[in-house]
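Novice:
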Ligand SMILES: [Fe+2]
Ligand SMILES: [Fe+2]
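Numbering (the numbering used here), first residue to last: 151 to 416.
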């Protein structure tokens, strides 16, 4: 039975070389048939290095999306382009944001998109949260709060368009679909330290446009099951917004990357 290993928010730039080697050995020891990596791998200056290194060190297919930290000190557009080009050079690397879906088994499809916290959940207008994203990512830097919200909406809408196009294809041809993303797609999956994020944090922790797409599409596939794997909040939790949809949010600690969970795929 194929084994899927899920990791999120590994932030490998926090590790020295010795710690990196230990981490790779730990992941290799899982003997996974496929690794899925849910974003916040590192930052723009070293995310390509870490992806290349993992492609060489972890002798199995690696499918991934990017998180907000992966774009720090650069632009979303540029990093996505660089990463997509890298995947053309490494057969075992798949950037799901730039792909449709993979058939992991005849029953199981894997798809994904970076997603983006789109400012729609909670109360954006009243929120006093200012993420580092808003100074360190080119598309967001230098904008006032109203201008920033328009960009956040557009980024969330882009993720939702991907889901609206790919999810029906994957669910139409597979009994199970696994959707990898960085940002929780619904407020109820937006866990933070055992509780749902409050109105100040939810706008910056939820890709509501993607969640709405999922809630619209999955009732059309009552005999299919969707599992969403997300991270970003660094706090674990489970949400089941529909009978055939579960959303797992993975926990994380800076400097202590770990395998979030393994799954045996039927
Ligand atoms: Fe993170
Ligand atoms: Fe993140």
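Every residue, glycine too, gets a C-beta built ideally from N, C-alpha and C. Computed from a predicted structure; not experimentally measured.
1. So does the region 151–162 actually touch the region 291–307, counting three or more Cβ pairs closer than 8 Å?
2. Please indicate yes or no: does the CB of residue 321 lie closer than 8 Å to some heavy atom of ligand 1?
3. Buried or exposed, going by whether 16 or more other CB atoms sit within 10 Å of the CB of residue 359?
4. Give the DSSP-derived three-state secondary structure of residue 247 in the structure shown.
5. Which residue wins for smallest C-alpha separation from residue 260, given the options 317, 389 and 189?
6. Below 8 Å, is the gap between the Cβ of residue 402 and the nearest heavy atom of ligand 1?
7. Whose beta carbon lies closer than 5 Å to any heavy atom of ligand 1, going through the chain in order?
8. Considering only the beta carbon of each residue, do residue 389 and residue 396 sit closer than 9 Å?
9. Would residue 220 be called buried (16 or more neighbouring beta carbons within 10 Å of its own) or exposed?
10. Nearest chain C C-beta to residue 319 closer than 9 Å, yes or no?
11. Kindly examine ligand 2 and report whether one of its heavy atoms sits closer than 8 Å to the Cβ of residue 218.
12. Going along the chain, which residues of its own chain have a beta-carbon closer than 6 Å to the beta-carbon of residue 252, five neighbours each way excluded?
13. Compute the minimum distance between the beta carbon of residue 292 and the heavy atoms of ligand 2, and state whether it is under 8 Å.
14. State the Cα-Cα distance for the pair residue 209 and residue 393, rounded to the nearest angstrom.
15. Can you tell me which of the three DSSP states residue 364 falls into?
16. With DSSP run on the structure shown, which of helix, strand or coil describes residue 323?
17. For residue 375, which residues in the same chain have their Cβ closer than 6 Å to its Cβ, ignoring the five residues on either side in sequence?
18. So, residue 181 versus residue 207, is the Cβ gap smaller than 9 Å?
19. Residues bridged to residue 185 by DSSP?
20. Classify residue 167: buried if its beta carbon has 16 or more other beta carbons within 10 angstroms, exposed otherwise.
21. Is residue 263 a contact residue of ligand 2, with contact defined as CB to any heavy atom under 8 Å?
22. Mind checking who residue 260 pairs with in its DSSP beta bridge?
23. Taking only heavy atoms of ligand 2 into account, decide whether any of them is closer than 8 Å to the Cβ of residue 195.
Specialist: The short version:
1. no
2. no
3. buried
4. helix
5. 317
6. yes
7. 159 and 190
8. Yes, these two residues count as a Cβ contact at 9 Å.
9. buried
10. You won't find chain C in this structure, because it holds only one protein chain.
11. yes
12. 260
13. no
14. 36 Å
15. helix
16. DSSP, reduced to helix, strand and coil, places residue 323 within a helical segment of the structure shown.
17. Within the same chain, and ignoring the five residues on either side of residue 375 in sequence, the residues whose Cβ sits closer than 6 Å to its Cβ are 326 and 394.
18. no
19. The partner list for residue 185 (beta bridge, DSSP) reads 155 and 212.
20. exposed
21. no
22. 252 and 328
23. No, Cβ of residue 195 sits at least 8 Å from all heavy atoms of ligand 2.
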